[in-house]
Amino acid sequence: MKPKKLNAKLLWMQFEDVIAPRLGLTVKERAVYCYLLRHSLVVGKLRLQFAVTALARTLGLSIGAARQAVRRLDELGALRVLERSKSGHLAEMRLPGNIRAIRPGRNGASLTTGAVGVGAAGGPPASTLEATDFLKTWALRKTIHDRERGACFYCLRRTPANVQCLDHVVPRVRFGRNSYRNLVSCCLECNTRKNDRAARDFLRTLYRQGRLTPAELDARLRALKDLAAGKLRPVLRLRAGGMTPRGSGE
178 MKPKKLNAKL LWMQFEDVIA PRLGLTVKER AVYCYLLRHS LVVGKLRLQF
228 AVTALARTLG LSIGAARQAV RRLDELGALR VLERSKSGHL AEMRLPGNIR
278 AIRPGRNGAS LTTGAVGVGA AGGPPASTLE ATDFLKTWAL RKTIHDRERG
328 ACFYCLRRTP ANVQCLDHVV PRVRFGRNSY RNLVSCCLEC NTRKNDRAAR
378 DFLRTLYRQG RLTPAELDAR LRALKDLAAG KLRPVLRLRA GGMTPRGSGE
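For what it's worth, my numbering labels the leading residue of the sequence shown as 178, then goes sequentially.
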């Protein structure tokens, strides 16, 4: 099925007024998104095969910068990488209305120009939260630890602050992102033992070793689903110029 013919003028307005500012795209990410969109949906193709090296050369970027831009666009839902290989990437591009973080009706967001909406109880809009790198600052990392209330996400033991770690549920080697949906607070032992294993498999290992009861295992598996669905949000508040964790003192 071919995509419908696009209104290029409207698409450009949506990109400049909605997508780029609400997702917090950098200049390099803007360039990559526009290039890939131009060679896919704008010319009537649902999917696009491309090589990161060729993309970088065309846009005058380093290979690392181009790869990072593609990765972050994938994390934000602006595109979906279907396949990765040495020969290239196969990606499905997303139009503004199909990007989850800025979908119309979510937290006051709209694809028309205007002020950015604010989430429930005065919190940040969903698009801002989804675009946040929670490893960027100590204050943001602390919000993940606070969300778990001092317990290891995996084994549920109370964890002193000096041995608390942040773990990527989907490991970084498998393109796991620094989103609140993929970071959990855990003890140093679980962080080391889990390594690059899938979180579900690691939880079942803890159960087999008697460190989790059947009820606790079921609860942890449900928590993984809730985490991926964006239901376990850290507590943030808006301030002029950005977001601040509640009680951070910043």
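Ideal Cβ positions, reconstructed from N, Cα and C, are used throughout, including at glycine.
Note that the coordinates shown come from a computational prediction; the quantities given were computed from them, not determined experimentally.
Environment of residue i [buried if 16+ CB atoms lie within 10 Å]
i, result
"residue 209", "buried"
"residue 229", "buried"
"residue 386", "exposed"
"residue 383", "buried"
"residue 408", "exposed"
"residue 413", "buried"
"residue 215", "exposed"
"residue 337", "exposed"
"residue 319", "buried"
"residue 217", "buried"
"residue 371", "buried"
"residue 200", "buried"
"residue 234", "exposed"
"residue 220", "exposed"
"residue 282", "Any reading at residue 282 is ruled out, since the residue's pLDDT is 45, under 50, leaving its predicted position unreliable."
"residue 504", "Any answer about residue 504 is impossible in this case: the structure gives the chain only from 178 up to 427."
"residue 358", "buried"
"residue 249", "buried"
"residue 193", "exposed"
"residue 238", "buried"
"residue 232", "buried"
"residue 298", "Residue placement at residue 298 cannot be trusted, given a pLDDT of 43 that sits under 50; what the coordinates show is reported in the next sentence. Its Cβ having fewer than 16 others within 10 Å, residue 298 is exposed."
Whole-number beta carbon distance between residue j and residue i, since they are thought to touch under 8 Å
i, j, result
"residue 185", "residue 225", "About 17 Å; that fails the 8 Å criterion."
"residue 317", "residue 340", "About 20 Å separates the two Cβ atoms, so there is no contact after all."
"residue 273", "residue 195", "6 Å"
"residue 389", "residue 332", "7 Å"
"residue 212", "residue 236", "6 Å"
Test item: CB-CB of residue i and residue j under 7 Å
i, j, result
"residue 362", "residue 325", "yes"
"residue 227", "residue 254", "no"
"residue 368", "residue 344", "yes"
"residue 321", "residue 360", "yes"
"residue 206", "residue 243", "no"
"residue 375", "residue 401", "no"
"residue 259", "residue 271", "no"
"residue 335", "residue 327", "yes"
"residue 373", "residue 411", "no"
Cβ-heavy atom distance, residue i to the ligand GDP, below 6 Å
i, result
"residue 318", "Among the components modelled here there is no ligand, and therefore nothing to report on the ligand GDP."
Problem set entry | 4 or more residues per run - each alpha helix (DSSP H) lying fully within the region 293 to 366 | 303 to 308, 315 to 324
Exercise. Would you call the region 349 to 357 and the region 377 to 394 touching, i.e. three or more CB-CB distances under 8 Å?
Worked result: no
Problem set entry | In chain order, each alpha helix (DSSP H) run of at least 4 residues that lies wholly inside the region 212 to 271 | 229 to 236, 240 to 253
Exercise. Which whole runs of the alpha helix (DSSP H) in the region 377 to 420 are 4 residues long or more, in chain order?
Worked result: 391 to 405
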